[in-house]
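Asks:
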Amino acid sequence: MTRVPGVIIKSKFKLPQATRRSRRFTTYLSYIDRPETKARSQQFENYHDYMEDELKSSGLFTATQDRLNATEREQLRDIFRRAQENGSILWQDVISFDETWLQEVGVKENRYVDEQRLMQATRNATNLMIEKEQMLHATWTAAIHYNTDNIHVHVATVETIHPRERGKRKPKTIEKMKAQVVHTLAGRTREQEKLNTFIREEVLAHKRNRSTTSASNRILHPELVRQYKTIQKQLPDDKRQWYYNMNGMHELRPSLNQFTDTYLATYFEKEHSEFKQQLNTEVAFYERSYGSASQASAYRKTKEHDLYTRMGNAVLSEMRESSKPPQKLAKKAASSPKQRIRSAFRRERIMQETLYRIGRHMNDEWDHIKNQRAFEQLEQEVQYER
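Sequential numbering from 0 applies to the sequence shown in numbering that gives the first Met the number 0.
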């Protein structure tokens, strides 16, 4: 059974009437039909009465204020009235939340609702919309409503100067608004940064500091070296194509991906397993929040593609360097003393690591021999005592 998305955004807009004699908006929502506003229901500023109804709403808030006094409310009504008279479009957004999801992210606990977080999420999403749509002279107001099964926020936006004629906004803008709301309320930055850290600061840093064809790899990881050399032999002649996403790499990408898998299994088996578990967690949360399995799958593919792309480019970069003529490599080394020092330290570290691993293996064998000899000597002593 499909779960209800954590966040839903519904959007629409209203155009002012075409005749200059009467620039009145139609009703914002069909159910605005209360007696105290019915006489002037065609006037846009009356939507504020609905938004601020004490039986439904926590009250109006704006980009900078959590609560408005009577004077400020009247000033806001005047801004919307003049925007209507100047021919502004009225943009209407409703951000609706699944109650269980709000509990999962800590916005709602029992009957308590963290209105500050809801207001901040609304601000971030609306400001992002204004930026993406380049609405340089926009004014907006909003209110949190509790009069339905799902807590929701009504947002109303107008342009006070130079109003545009078309009200349709880009679908990507609405998607980014939704993502901004989820990001603000869920606070998944730390979890998602762990994924990026593994890719960029652990795997890539490890790869860049180690030559694939080093002595240690040739001794301890020959399969890794074999895959590397196989790819190297199949590279196109045009070195400008030696980048993971270039067309010239199309046939070699599976081999590059296989090399990455082997590299991770060799050096980061445990860490890669944790990475995949964390990615599964983020994908599940993504699907829960947005209600879309396809979007969640796209998120997974994006992260996996990032890993393979960066590792593939690191390998191809190493191949470009190793393919340079010896004189160019010598010239480069001679022109960079710091790089020579770093390379020397890196070679020394790799050599020490290799010697350590070989020594440890030999020590294990020697310990085994010594233990065997001690055991045989003990047996002889026991036999002698008898």
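Positions of the beta carbon are idealized from the N, C-alpha and C atoms, including for glycine.
Quantities reported herein were computed from a predicted structural model and do not represent experimental measurements.
Under 7 Å Cβ to Cβ from asparagine 312, same chain only, skipping five residues before and after it: list those, please.
Replies: Correct list, in chain order: Tyr242, Tyr243.
Asks: Measuring alpha carbon to alpha carbon, tell me which residue in Thr211, Ile143, Asn246 is nearest arginine 225.
Replies: Out of Thr211, Ile143, Asn246, Thr211 has the C-alpha closest to the C-alpha of arginine 225.
Asks: What separation, rounded to the nearest whole angstrom, lies between the Cα atoms of glycine 290 and lysine 228?
Replies: When rounded, the distance between both Cα atoms is 45 Å.
Asks: Please name the residue or residues paired with lysine 228 in a DSSP beta bridge.
Replies: Note: lysine 228 sits in no beta bridge, so no partner.
Asks: May I have a chain-ordered list of the alpha helix (DSSP H) segments no shorter than 4 residues that lie completely inside the stretch 74-131?
Replies: The stretch 74-131 contains these whole alpha helix (DSSP H) runs: 98-103, 114-131.
Asks: Where does phenylalanine 60 fall in DSSP's three states?
Replies: It is a strand residue.
Asks: Mind checking arginine 397: buried by the 16 CB within 10 Å criterion, or exposed?
Replies: Because the chain is modelled from 0 through 385, residue 397 falls outside the range shown and cannot be assessed.
Asks: Looking only at DSSP bridge pairs, what is lysine 167 linked to?
Replies: Its beta-bridge partners do not exist; DSSP assigns none.
Asks: Counting pairs of Cβ atoms below 8 Å between the stretch 85-95 and the stretch 152-169, do you hit three or more?
Replies: Output reads yes: the stretch 152-169 touches the stretch 85-95.
Asks: Name, in chain order, the residues that DSSP records as bridge partners for tryptophan 139.
Replies: Its beta-bridge partners are Thr156.
Asks: Going along the chain, which residues of its own chain have a beta-carbon closer than 7 Å to the beta-carbon of glutamate 268, five neighbours each way excluded?
Replies: Contacts found: none.
Asks: So asparagine 149 and serine 95 are in contact, right, with Cβ under 8 Å, and what is the actual spacing, rounded?
Replies: With a Cβ gap of about 5 Å, asparagine 149 and serine 95 count as contacting.
Asks: Quick check on the DSSP output: the beta strand (DSSP E) that includes valine 6 runs from which residue to which?
Replies: Run containing valine 6: 6-13, per the beta strand (DSSP E) assignment.
Asks: Return the chain-ordered list of same chain residues with a C-beta closer than 7 Å to the C-beta of leucine 278, the five sequence neighbours on each side being excluded.
Replies: The answer, listed in chain order, is Leu194, Arg299, Lys302.
Asks: Residues in the same chain with beta-carbon distance under 7 Å from asparagine 270, minus the five sequence neighbours each way, listed in chain order, please.
Replies: The sequence shown places glutamate at residue 270, not asparagine. Answer for glutamate 270: Phe197, Glu201, listed in chain order.
Asks: Would alanine 141 and threonine 121 be called neighbours here (beta carbons separated by less than 9 Å)?
Replies: Taking 9 Å as the Cβ cut-off, alanine 141 and threonine 121 qualify as a contacting pair.
Asks: With DSSP run on the structure shown, which of helix, strand or coil describes threonine 25?
Replies: Annotation note: pLDDT 34 at threonine 25 (below 50); position unreliable, no value reported.
Asks: So, with DSSP's three-state summary, where would you put histidine 220?
Replies: Reduced to three states, the DSSP call for histidine 220 is coil.
Asks: Around the Cβ of glutamate 384, are there at least 16 other Cβ atoms within 10 angstroms (buried) or fewer (exposed)?
Replies: With a pLDDT of 47 at glutamate 384, under the threshold of 50, the modelled position of that residue is not reliable, and the figure given next carries that caveat. It is exposed - the Cβ of glutamate 384 has fewer than 16 other Cβ atoms within 10 Å.
Asks: Looking at alanine 62 and threonine 125, is the spacing between their C-beta atoms short of 9 Å?
Replies: Yes, these two residues count as a Cβ contact at 9 Å.
Asks: Which full runs of the beta strand (DSSP E) of 3+ residues lie inside the stretch 286-317, going along the chain?
Replies: Those beta strand (DSSP E) runs which fall completely within the stretch 286-317 and span 3+ residues do not exist here.
Asks: Going by beta-carbon coordinates alone, are arginine 319 and lysine 238 separated by less than 9 Å?
Replies: Closer than 9 Å, so yes.
Asks: Is the CB-CB distance between arginine 187 and arginine 2 below 9 Å?
Replies: The answer is no: Cβ separation not under 9 Å.
Asks: When the distance is taken between beta carbons, is leucine 184 closer than 9 Å to valine 6?
Replies: It is a contact, given that the beta carbons lie within the stated cut-off.
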